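Engineer:
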Amino acid sequence: PTGGIHLSNMLAFMKAGATSLGIGSELFDKKIIQKRDSEAMLNHFKLFAQQMQLSK
């Protein structure tokens, strides 16, 4: 699926059988980008990666 994928619901999609997710604006947090905080952005990406690992 694409659109509407968030940290709070992506695990449910994967457990329901999705083999991939289209994540756009939720992956690229506008507030973090505006602050130009690369460490916060990396941590944000890691949260998504951790959720993907939980689905395995």
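Note that my numbering has the sequence shown beginning at 310, numbered continuously upward.
The beta carbon of each residue, even a glycine, is placed where N, CA and C say it ideally should be.
These numbers come from a predicted model, not from an experiment.
Just how far apart, CA to CA, sit A321 and F354?
Structural biologist: Taking the straight line from one Cα to the other gives about 18 Å.
Engineer: Taking the DSSP output, what are the residues bridged to G331?
Structural biologist: DSSP, once it has assigned bridges, lists T311 as partnering G331.
Engineer: Thinking C-beta only, is L356 closer than 8 Å to L330?
Structural biologist: No. Outside cutoff.
Engineer: If you reduce the DSSP assignment to three classes, tell me which class N318 lands in.
Structural biologist: Coil.
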